[in-house]
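A.B. asks:
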Amino acid sequence: MSQKNKCVPKHYYSSLKRSSHQFQNLVRLTSNRKSRRQRQLLRKSFKRFVLKVKGLVAPKMKLGSLTLTELDDFIAHMISLLETELGRLYRSNPKKTLSLRQVESAVKACLPTFLADSSVEFGRLAVSSYSERIFR
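Per my numbering, residue 1 is the first one in the sequence shown, and the count goes up by one each step.
1) How would you label residue 53, buried or exposed, when you count the other beta carbons within 10 angstroms and need 16 or more for buried?
2) Helix or strand or just coil, what does DSSP make of residue 61?
3) By the 10 Å Cβ neighbour count, where 16 or more other Cβ atoms means buried, how is residue 126 classified, buried or exposed?
4) Taking the alpha-carbon positions, what's the residue 98 to residue 130 distance?
5) By the 10 Å Cβ neighbour count, where 16 or more other Cβ atoms means buried, how is residue 58 classified, buried or exposed?
6) Measuring alpha carbon to alpha carbon, tell me which of 75, 50 and 107 ends up nearest residue 89.
7) Please report the straight-line C-alpha distance between residue 60 and residue 109, rounded to a whole angstrom.
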């Protein structure tokens, strides 16, 4: 053993390993870079639901990956539009829950006339069928 190693305490190397792991954990927590898995978990995708609805409506129809991506982006965009409109409505009338009329008015504000009316109608139908299944 050399003279340098005799001066260093035995626990020095184990504490260095521990401190380097703590530093790496700290860097991992504070950095903006996300791992591939974290990025996948943060991304919201509606492709599963699109495929389920397609299977119910038109089982023989095929959808390509680009079509699914475009539909996914469209749904995410519509949800963000509805989210901002519902936020405006909530700020104007701050209650803890949103009423059905508030959701309907947000849909009517985001979509064109005919599309908004048919969307509200389908939404009412979906809510009524859901409540019938729940409260049987």
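Beta carbons are placed, not taken as given, at the ideal position from N, Cα and C, and that holds for glycine.
C.D. replies: Result, derived from the coordinates:
1) For this step, residue 53 is matched to residue 53 along the sequence shown. By the 10 Å Cβ count, residue 53 comes out exposed.
2) As a first step, residue 61 is located in the sequence shown; it is residue number 61 there, counting from the start. Residue 61 falls in the coil class under three-state DSSP.
3) In the sequence shown, the residue the question calls residue 126 occupies position 126. Its Cβ having fewer than 16 others within 10 Å, residue 126 is exposed.
4) As a position in the sequence shown, residue 98 is number 98, starting the count at 1. As a position in the sequence shown, residue 130 is number 130, starting the count at 1. If I take the Cα positions, the gap works out to 18 Å.
5) Mapped onto the sequence shown, residue 58 falls at position 58. That one is exposed.
6) Numbered from its first residue, the sequence shown carries residue 89 at position 89. The option with the nearest alpha carbon to residue 89 is 107.
7) Numbered from 1 along the sequence shown, position 60 holds the residue referred to as residue 60. Numbered from 1 along the sequence shown, position 109 holds the residue referred to as residue 109. Cα to Cα, residue 60 sits roughly 35 Å from residue 109.
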